[in-house]
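Please read the structure below before turning to the comments.
Numbering (my numbering), first residue to last: 379 to 1112.
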């Protein structure tokens, strides 16, 4: 069952039509189906809510399916009420996550309906639940919880609950708490006061006036207050002077920490985001002023990400405010502040010409160690990348050793790469010219001209001839050489004669990645009997996809005639055989098709290969996938069914019908397996592979597993070869 549910989860996630799946899962929802629930929630959030209602213990242990909270508004209150009632009782936090995106009236109605059967005298809700409740219910529950024993004995919990009360009721209590002797208690009281003001949506001027007392307080208290203010919606601030009076003490204090400065920067971002539509407003100017003063105090910019939720053009105001500090840092070769501002603005920095000019100056005049990093930031913009890359290469050829420059030239300016592979290498600001660094290029080599490919191959050959080269490095060079379109299989044969095992295996695996891999087939077949059989056989699947099917089947048939083969080779050969088209498979093995000369039987080669396949059937079926032969018309192709979960003696096999390469629907498989007919006089035990009957283990005599659909087409399974040997006739009867 576990493997069945895991495969079903993958099927549901990739399926479009979920109606068939719903009927199968109406009564069972195992935990491994967790990966499929987001897809099912997109199809029907109501069905997922009903499934979770009957499985409250499971829903309480696991998190909500991803995307369910976004679609729960599509579910009516009558359907949600049973689930909410159960979650409030066993997992209140899950209830908060479920209703967090609903309108406040619906949240209140669902909460009232859920707690109606409960006795709330001693119930304490988690703060996550209080956070999502409407104002009246939050005030009622916080007031009730303040009267319980825990709030009376633990001051920290009491102050946290006061933060959920209405500001008019909580202000006198919190102002008294904020006069405590311990700095931690004062910080908690100030934070609760800010949160109560934010949740009440009023009283911010009085709160800011009270918070000005932190001027002479300790840094942990200022850090907690600024962190709480940074989480307040920016629209609640309307008095610039009052807010500036609360923040200003951090610029005068000598013990201001990095965390406090970062909290002030987050507050500045919140102000600029909230007042983004009015860049000339006092609050927006205060946000820019805070960033400027932070840069002037510490000498570095402690900036949060500024590229989110900012209007177009706001980045110019930020850069203009900070430009005096940035230019001063540039003259002192202190480029870290400029880099931090560029990264904080993200793509917004591309549109600021003054910041781009400053970055270009750092490329050529800044500190030598930061030149490459500055150049990488300067060429980030796709609109100007080509022009700037050409300017870099024209001024200094060593710029080709920068990753961003080489990647662009690899895609757009291949002619400039000759200097990249030159010997001696170019010397300049970005490379010292002492060594040649070979880039790793796995794709796109077909864009290179033949002359450039030959230059690159020459560079690889020189690197391979150097003494004292690590074996793994030589193996990587061989693999890289195979990706060059001009490389032939014969060019890799010297690596096969190497004494290094890593190089030999790299050459065997790389042969199939050349542009003309056909000559690699006899080489791989020659290595299937030795110690490198594992690597050679693992390279065969790609080669089988590139060569004509008839050639592949002929090679596999010849391979199966060998007196001794490794188990890995047996398994892979059988799997590859199952992926070949039916026509080539029949011509080579004589399966289900009379000989062209009449009823004289298959040719000697076919008879010998088929006999060996039948004789070694039990061993292959125990250790290899089953080969399913599709006897239908139309797209005739042998299929593979990965077994390994049951021995060949337990069942003859399973049929999975795939239409047009897609995985079958679960319900369709269930209907078809019901119509399987098993029979025949010369068979051992076979077991049906229906998912719901897999564990019954009911023995059934069967000669062939056949199914006749409404069109009258046959489906057969090549399996249980030991029993078929007793009845080799191919005249199958449904």
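By construction, the Cβ of each residue, glycine as well, lies at the ideal position given by its N, Cα and C atoms. Computed from a predicted structure; not experimentally measured.
Within the same chain, Cβ atoms closer than 8 Å to the Cβ of residue 578 are found at 513, 544, 545, 546, the five residues on either side in sequence being excluded.
Residue 725: not part of any alpha helix (DSSP H); DSSP gives it neither H nor E.
Every unbroken stretch of the alpha helix (DSSP H) spanning 4 or more residues and falling wholly within the region 578-659 is given here in chain order: 582-589, 597-608, 618-625, 627-630, 636-652. Two segments are said to touch when three or more pairs of C-beta atoms, one from each, lie closer than 8 Å; by this definition the region 858-877 does not touch the region 781-789. Shortest Cα-Cα distance from residue 849 to any of 943, 433, 876 involves 876.
Relative to the Cα of residue 440, the nearest Cα in the group 428, 902, 454, 471 belongs to 471. In the three-state DSSP reduction, residue 550 falls in the helix class (H, G or I). Here residue 510 is near residue 478, since their CB atoms are less than 7 Å apart.
Look at the beta carbons and you see the region 697-713 not touching the region 655-662: under three pairs across the two are nearer than 8 Å. Contact annotation: the region 738-745 does not touch the region 778-786, with fewer than three C-beta pairs closer than 8 Å. Assignment of residue 959 by DSSP, reduced to helix, strand and coil, places it in the strand class. The criterion of a C-beta distance shorter than 7 Å is satisfied by residue 434 and residue 468. The continuous alpha helix (DSSP H) containing residue 879 extends over residues 879-888. Considering only 553, 874, 831, 841, the residue with the shortest C-alpha distance to residue 913 is 874. Going by C-alpha positions, residue 905 is about 22 Å away from residue 956. Remark: C-beta atoms of residue 586 and residue 571 do not approach each other more closely than 7 Å. Scanning its chain for C-beta atoms nearer than 7 Å, with the 5 sequence neighbours on each side dropped, one finds around residue 903 the residues 933, 937, in chain order.
By the beta-carbon neighbour count (other beta carbons within 10 angstroms, threshold 16), residue 845 is exposed. Residue 876 sits in coil when the DSSP states are folded into three classes, being neither helix nor strand.
With respect to residue 641, residue 674 sits apart: the two C-beta atoms are not nearer than 7 Å.
Contact check between the region 608-615 and the region 623-633: fewer than three CB pairs, one atom from each, fall below 8 Å, which does not count as touching. Annotation for residue 951: 934, 937 place their beta carbon closer than 6 Å to its own, counting only its chain and skipping 5 residues before and after. A distance below 7 Å between beta-carbons, with the five flanking residues on each side excluded, links residue 602 to the following residues of its chain, in chain order: 565, 568, 569.
Between the alpha carbons of residue 526 and residue 690 lies a gap of roughly 51 Å. Residues 523, 526, 528 of the same chain have their beta carbon placed closer than 7 Å to that of residue 502, with the five preceding and five following residues left out of the count. According to the DSSP assignment, residue 532 belongs to no alpha helix (DSSP H), since it is labelled neither H nor E. For the set 688, 438, 639, the Cα lying nearest the Cα of residue 648 is the one of 688. Taking a 10 Å sphere around the C-beta of residue 722, we find 16 or more other C-beta atoms and assign the residue as buried. Assignment of residue 732 by DSSP, reduced to helix, strand and coil, places it in the helix class. Separation of residue 733 and residue 706 (C-alpha to C-alpha, rounded to the nearest whole angstrom) is 14 Å.
Between the C-alpha atoms of residue 853 and residue 719 there is a straight-line separation of about 43 Å. A straight-line Cα-Cα distance of about 11 Å links residue 727 and residue 692. Residue 708: member of the alpha helix (DSSP H) spanning 692-709, first to last residue. Closest in alpha carbon position to residue 592, among 561, 608, 580, 609, is 561. Following the DSSP letters along the chain, one finds residue 824 in no alpha helix (DSSP H), marked with neither H nor E. With a contact defined as Cβ atoms closer than 8 Å, residue 890 and residue 920 qualify at about 5 Å.
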